[in-house]
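Okay, so the sequence shown: first residue is 1164 according to the numbering used here, each after it adds one. For glycine and all other residues, C-beta sits at the position ideal for the given N, C-alpha and C. First the structure, in the form of structure tokens, and then the observations on it.
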Amino acid sequence: LTGNITGGKSDYSYVGGLVGYGGSVSIKYCFSNTNITSEHDTVGGITGTGGNIEYCYNFGTIKAGNSYGGISSRANFIKNSYNYGKINGGEHFIGGIASYGTIENSYNLGEVTGNSDNSYGIGGIVGSTQASIKNSYNKGIISGTSDSQIGGIVGNYYEINDNGIENNYYLKGTAKGGL
């Protein structure tokens, strides 16, 4: 799918390049080259929220409020997917793949930027999570206007649990922080 989506905060509940609200549906073998500009806080290149996403790719640019990612804001899980699109704007929970969630075998090559005066929770793979992140990597530049919670893989990882973060990599010099 290729196109443009533009909307204000009150125009859409969930904004996705393909699906706004994915619930628990399976979304496989898709790609989006949709450029999204929205003031809303739940935005993704494939889904705004929800969905079990596998083998999906985003090439579109996303500029949104908070809580957004190259593939989804909050998918149930994301596997074998990647983002090439530039992710820009907002204050917190911004990720190259997702803002929150379980992610495996995925990668980000797009630039991820938080532009607020107190940006935080900005990561090459995920903005914030307590779920597992496995076998994924980031080569995109990750930045924000503050030095707080900006990482090559995860911006904000809270309450580390048994699922953990395993076998993830980021290109040296792409982010201010290591995790």
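Considering Cα atoms alone, identify which of the options is closest to residue i.
i	options	result
residue 1250	1271, 1238, 1240, 1186	1271
residue 1281	1292, 1265, 1264, 1256	1256
residue 1333	1327, 1313, 1180	1313
residue 1248	1239, 1219, 1237, 1242	1219
Spell out the partners DSSP gives residue i in its beta bridges.
i	result
residue 1231	1206, 1257
residue 1317	1289
residue 1297	1267, 1329
residue 1167	1198
residue 1212	1184, 1237
residue 1252	DSSP lists no partner for residue 1252.
residue 1340	1314
Residue i by DSSP, collapsed to three states: which one?
i	result
residue 1178	strand
residue 1245	strand
residue 1281	coil
Looking at the secondary structure, which residues open and close the beta strand (DSSP E) in which residue i lies?
i	result
residue 1276	1275 to 1277
residue 1241	1240 to 1242
residue 1201	1189 to 1201
residue 1306	1305 to 1307
residue 1215	1215 to 1221
On the premise that residue j lies in contact with residue i, defined as a C-beta separation below 8 Å, what is that separation, rounded to the nearest angstrom?
i	j	result
residue 1305	residue 1286	7 Å
residue 1190	residue 1221	The pair is not a contact, with the Cβ atoms about 12 Å apart (cut-off 8 Å).
residue 1298	residue 1316	Contact doesn't hold; Cβ gap of about 11 Å is too wide.
residue 1289	residue 1264	7 Å
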